[in-house]
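For the sequence shown, the numbering used here gives the first residue as 935, with consecutive numbering after it. Idealized CB from N, CA, C, for every residue including glycine. Fair warning: this is a prediction, and the values are worked out from it, not measured in the lab. First up is the structure itself, then whatever we jot down about it.
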Amino acid sequence: MITGKEIHNLARRLWRINRSITGDGNRLTLDILKEICPEMKIYEVPSGTKVFDWTVPNEWNVKEAWIKDPSGNKIVDFEECNLHLVGYSIPVHKTINLKQLQNHLHSRPDLPSAIPYVTSYYNHYWGFCLSDLQRRSLCKGEYEVYVDSELKNGSLTYGEILLEGESKQEIFLSTYICHPSMANNELSGMTVTAYIAKWLASLKQRQYSYRIIFIPETIGSLTYLNKNLKKMKDNIIAGFNVSCVGDDRMYSYLPSRSGNSLADQVAKHTLKFTSPDYRTFLWNDRGSDERQYCAPGIDLPVVNMARTKSKEYPEYHTSLDDLDNVVTPTGLHGGFKMIYKAIKSIESNCYPQASVLGEPNLGSRGLYPTLGATKKIDSVHTLKNILTYSDGKTSLLEIAEKCDVFILDLLPTIKILKERNLLTIHNSPVFNFPNSINMPEAP
């Protein structure tokens, strides 16, 4: 069994690595994830590669970055917290006064103790982030600023896992590797997805194939789509963008653009029985890579199932989004179980068809309670409901909704009905009675 502590420990191991949309931090992250998922293949896409309306940028790496106050003391240091440096800062080494420095400082007055996360991927800029408390304490004088970074013609790195199933139809999982030192917004998605991949790889039998990717946000999904769009459109039947799945506060659902895909149905069904008070968002609330996967012309059936969704918790995109107060082992385990149940629900979905005409004689098959066995009445009622909806055209997921029972809880009953020759199971809808049913002759 995979535990929340196991996932949390992996997140701690990855915590201090400086990740961005490109760079050595992403490679190191993927190398560590590959220990959990040896099936992963790692790819490099050269800077300058055109991907739809975008271009893969130069690769960014950092050796050192700091600010020294007028007394020569380091007051901001990338080595202590990689959020201190604005992402994709260009190299700089100069001495400037406080007024000039303020033009390159970022803080959050509404969260005075937090270091904000700020990036400048596509504009040449340098800057530092610090708490508003520290920023307000700065005295007048000359400050030395130093950023030893490199922007070079390199590549964008991503990881891909392809697991074959009995069907070429695919379930798709996508998660991020591009944010430094933030727990729910970043580490929860990649660590939960890694252990989902580990579980899927361990299965001796999979009905569906799986496409699982670890990418930088936006430019990574566009890069991957640019390379794989035809196969994805041909094969993907349901997809999940996995992010913000590690806290204990709530569960969330953001639909695909169509709102009625298999992924939408499974997500709502799973959350209904996992956390009935889950929060539903609108497509207009999107903010993650569902934007790319569901864009017009791409139209993949991808939803976002989360714990507390991005931008909906106060610590979002700050140093307060940590592994002590925000993301917990129990929160991660809850996120893992949510995705696990959704995938199991798709794997278990089928089209049951009754094998007898009329209501079957349950008593002759030992399926009806004996006198006084009132505890079985509810289960018999569910059994009868399964049979009455088993027309070969209605999926088990739809039957579960009609019965108001979680689909995975119906599986033991389905197994019994199949063993007693009361059901036949199909992988796709059927519209005719099976030949084994003998229609009685009219009198």
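Contact under 9 Å by Cβ, residue i with residue j
i        : j        : result
Asp-1223 : Ala-1117 : no
Arg-1183 : Gly-1265 : yes
Asn-1160 : Val-985  : yes
Tyr-1056 : Ile-1149 : no
Ile-1170 : Ile-1105 : yes
Gly-982  : Ser-1122 : no
Ser-1054 : Ala-999  : no
Ser-1155 : Glu-1120 : no
Asn-1238 : Leu-1188 : yes
Pro-1346 : Leu-1321 : no
Leu-1045 : Leu-1216 : no
Residue i, DSSP secondary structure in three states
i        : result
Ile-1095 : strand
Gln-1139 : coil
Arg-1145 : strand
Ser-1186 : strand
Leu-1254 : coil
Trp-1133 : helix
Asn-1238 : strand
His-1315 : helix
Asp-1211 : coil
Tyr-977  : strand
N- and C-terminal bounds of the alpha helix (DSSP H) containing residue i
i        : result
Tyr-1158 : 1153-1169
Ser-1282 : 1263-1282
Glu-1353 : 1341-1353
His-1018 : That residue, His-1018, is in no alpha helix (DSSP H); it is neither H nor E in DSSP.
Lys-1202 : 1196-1208
Thr-963  : 958-970
Ala-945  : 938-948
From the options, residue whose alpha carbon lies closest to that of residue i
i        : options                                : result
Asp-965  : Ile-1359, Lys-1352, Lys-1074, Met-1124 : Met-1124
Glu-973  : Ile-1146, Ile-1049, Gly-1173, Ile-941  : Ile-1146
Lys-1349 : Leu-1330, Val-1364, Phe-1365           : Leu-1330
Leu-1064 : His-1018, Thr-1109, Leu-1342, Leu-1032 : His-1018
Residue interval of the beta strand (DSSP E) (run including residue i)
i        : result
Trp-994  : 993-1002
Leu-1107 : 1104-1110
Ala-1288 : 1285-1288
Tyr-1077 : 1076-1086
Gly-1031 : First, the residue type needs correcting, since residue 1031 is Asn and not Gly in the sequence shown. Unbroken beta strand (DSSP E) run through Asn-1031: 1026-1031.
Asp-1011 : 1008-1011
Classification of residue i by the beta-carbon crowding that lies within 10 angstroms, buried from 16 upward
i        : result
Ile-1311 : With a pLDDT of only 46 at Ile-1311, under the threshold of 50, the placement of this residue in the model should not be trusted; the figure read from the coordinates follows. With fewer than 16 Cβ atoms within 10 Å of its Cβ, Ile-1311 is classed as exposed.
Gly-1306 : The predicted position of Gly-1306 is uncertain, since its pLDDT is 45 and thus under 50; no value can be drawn from it.
Thr-1127 : buried
His-1027 : exposed
Pro-980  : exposed
Gly-1006 : exposed
Pro-1286 : buried
Val-1020 : buried
Trp-1203 : Reading the sequence as shown, one finds His at residue 1203 and not Trp. His-1203 comes out buried.
Arg-1070 : exposed
Pro-1235 : buried
heavy atom of the ligand ZN below 8 Å from residue i C-beta
i        : result
Asp-1233 : In the structure shown, the ligand ZN is absent, as is every other ligand, since no ligand is present at all.
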